[in-house]
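**Student:** Structure below; questions to follow.
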Amino acid sequence: MATAAAARLSSIRSPLLTPTLEHLFTSTKLPDRPRKWPTQWLKEEHFVDHLSSILNDGGWRVSFLQQHVPASPKYTILSAQFLFPKVLDASRFINDICYLSEIEQHHPKLTLDPIRSGFVVSVDTHTHSATPALFMDAIGLDPASLPKVVPGITLRDVRLAKLISTYFTEQMPSFESPPSLKVSTEDFIPSWEVFKTMLLESVVSNVKMEQLPEAHS
Numbered sequence: 005m006a007t008a009a010a011a012r013l014s015s016i017r018s019p020l021l022t023p024t025l026e027h028l029f030t031s032t033k034l035p036d037r038p039r040k041w042p043t044q045w046l047k048e049e050h051f052v053d054h055l056s057s058i059l060n061d062g063g064w065r066v067s068f069l070q071q072h073v074p075a076s077p078k079y080t081i082l083s084a085q086f087l088f089p090k091v092l093d094a095s096r097f098i099n100d101i102c103y104l105s106e107i108e109q110h111h112p113k114l115t116l117d118p119i120r121s122g123f124v125v126s127v128d129t130h131t132h133s134a135t136p137a138l139f140m141d142a143i144g145l146d147p148a149s150l151p152k153v154v155p156g157i158t159l160r161d162v163r164l165a166k167l168i169s170t171y172f173t174e175q176m177p178s179f180e181s182p183p184s185l186k187v188s189t190e191d192f193i194p195s196w197e198v199f200k201t202m203l204l205e206s207v208v209s210n211v212k213m214e215q216l217p218e219a220h221s
């Protein structure tokens, strides 16, 4: 176990790696960091081994990226919300996430919103340079029917989400007022089959967008 943790650390070279963050990387069960771009979408084994443990009661949920352009393709994103009674604690948490994302070289969208009971930090992450090639091949579809790059959830997003979750849990006692995780059943993902359906929706929407120029020529 110690050898595996040391191996994970040896792949991380960053002056930002403080003792606290070093402990985070060794104590969190993480998938290997992807090395190639574009990064592959998640497959069933990734969902079962890594993503399922942080979904739903873990606070993270899968949804489609909200876009304001009609007929836009659908892209999956991984999101969580953290509620802080104090704005300075919320700001500190955002700053800590920035350190994590810089070490991981994977940067989420972070927003801070005031509500009646405090301040909500929202984290949205997906991989812009991603590809569904292996996912489509695994379910018997031709990857050539899609653009080479289709944004979506990859192991980069899962790694970052797991690190944020562990950091939030471990650092919770150090905040001035106890924060909490906002758990929503709105986008409940109980199984790989439900998640796969969302991925297929994304595939279909991108296939349609790829065919649009031919339809109007």
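Numbering (our numbering), first residue to last: 5 to 221. Note that CB positions come from ideal geometry on N, CA and C, so glycine has one too.
If I follow the unbroken alpha helix (DSSP H) through phenylalanine 88, where does it start and stop?
**Tutor:** For the purposes of this step, residue 88 is taken as residue 84 along the sequence shown, with counting starting at 1. Taken as a continuous stretch (DSSP letters only), phenylalanine 88 belongs to no alpha helix (DSSP H), being part of the beta strand (DSSP E) at 80-88.
**Student:** Helix, strand or coil: which one does DSSP assign to lysine 113?
**Tutor:** The residue you call residue 113 lines up with position 109 of the sequence shown. If DSSP states are grouped into helix, strand and coil, lysine 113 belongs with the strands.
**Student:** Return the residue from the list Glu108, Val125, Ile168 and Ser121 that minimises the CA-CA distance to leucine 21.
**Tutor:** Residue 21 sits at position 17 when you count from the first residue of the sequence shown. Taking only the C-alpha atoms, the option nearest leucine 21 is Glu108.
**Student:** What residue does the beta strand (DSSP E) around serine 2 start on, and which one ends it?
**Tutor:** Here the chain comprises residues numbered 5 to 221, so residue 2 is not present and cannot be evaluated.
**Student:** What does the alpha-carbon distance come out to for the pair proline 182 and glutamine 175?
**Tutor:** If you number the sequence shown from 1, residue 182 lands on position 178. If you number the sequence shown from 1, residue 175 lands on position 171. Using only the alpha carbons, I get a separation of about 10 Å.
**Student:** Closer than 7 Å by C-beta to threonine 158: which residues in its own chain qualify, once you throw out the five before and the five after it? Chain order, please.
**Tutor:** Within the sequence shown, residue 158 is the residue found at index 154, counting from 1. Excluding sequence neighbours, threonine 158 sits near Pro38, Thr43, Gln44, Trp45, Leu46, Thr131 and Ala134.
**Student:** Indicate whether at least one CB of chain D lies closer than 7 Å to the CB of leucine 34.
**Tutor:** Note that chain D does not occur in the displayed structure, where there is just one protein chain.
**Student:** Who pairs with lysine 186 in a beta bridge, going by DSSP?
**Tutor:** As a working mapping, residue 186 is identified with position 182 in the sequence shown. Answer by DSSP bridge pairing, in chain order: Gln85.
**Student:** What whole-angstrom Cβ distance do glycine 156 and proline 177 have, given they're in contact under 8 Å?
**Tutor:** Taking the first residue of the sequence shown as position 1, residue 156 is located at position 152. Taking the first residue of the sequence shown as position 1, residue 177 is located at position 173. Glycine 156 to proline 177, Cβ: 35 Å. No contact.
**Student:** Taking buried to mean at least 16 other C-beta atoms within 10 Å of its own C-beta, is threonine 201 buried or exposed?
**Tutor:** Working through the sequence shown from its first residue, we reach residue 201 at position 197. By the neighbour-count rule (16 or more Cβ atoms within 10 Å), threonine 201 is not buried but exposed.
**Student:** If you draw a straight line from the C-alpha of alanine 6 to the C-alpha of lysine 166, how long is it?
**Tutor:** Numbered from its first residue, the sequence shown carries residue 6 at position 2. Numbered from its first residue, the sequence shown carries residue 166 at position 162. The pLDDT assigned to alanine 6 is 49, lower than 50, so where the model puts this residue is not dependable; a value taken from the coordinates is nonetheless given after this. Taking the straight line from one Cα to the other gives about 19 Å.
**Student:** Between arginine 65 and proline 19, what straight-line distance do the alpha-carbon atoms span, to the nearest angstrom?
**Tutor:** If you number the sequence shown from 1, residue 65 lands on position 61. If you number the sequence shown from 1, residue 19 lands on position 15. So the alpha carbons of these two residues sit roughly 32 Å apart.
**Student:** Identify whether alanine 148 lies in helix, strand or coil by the three-state DSSP scheme.
**Tutor:** By one-based count along the sequence shown, residue 148 stands at place 144. Alanine 148 falls in the helix class under three-state DSSP.
**Student:** If you check the beta carbons only, do glutamate 48 and tryptophan 196 fall under 7 Å apart?
**Tutor:** Residue 48 sits at position 44 when you count from the first residue of the sequence shown. Residue 196 sits at position 192 when you count from the first residue of the sequence shown. Yes, the pair counts as a contact, with Cβ atoms nearer than the cut-off.
**Student:** Return yes when the Cβ of isoleucine 101 is within less than 7 Å of the Cβ of isoleucine 168, no when it is not.
**Tutor:** Sequence index remark: in the sequence shown, residue 168 carries index 164 (1-based). Sequence index remark: in the sequence shown, residue 101 carries index 97 (1-based). Yes. Within cutoff.
**Student:** If you draw a straight line from the C-alpha of histidine 72 to the C-alpha of lysine 78, how long is it?
**Tutor:** Locating residue 72 in the sequence shown gives position 68, counting from the first residue. Locating residue 78 in the sequence shown gives position 74, counting from the first residue. Using only the alpha carbons, I get a separation of about 12 Å.
**Student:** Assuming phenylalanine 68 contacts phenylalanine 172 (C-beta within less than 8 Å), just tell me the rounded distance between them.
**Tutor:** Residue mapping note: residue 68 aligns to position 64 of the sequence shown, counting from 1. Residue mapping note: residue 172 aligns to position 168 of the sequence shown, counting from 1. That belief does not hold up - the Cβ atoms of phenylalanine 68 and phenylalanine 172 are roughly 25 Å apart, past 8 Å.
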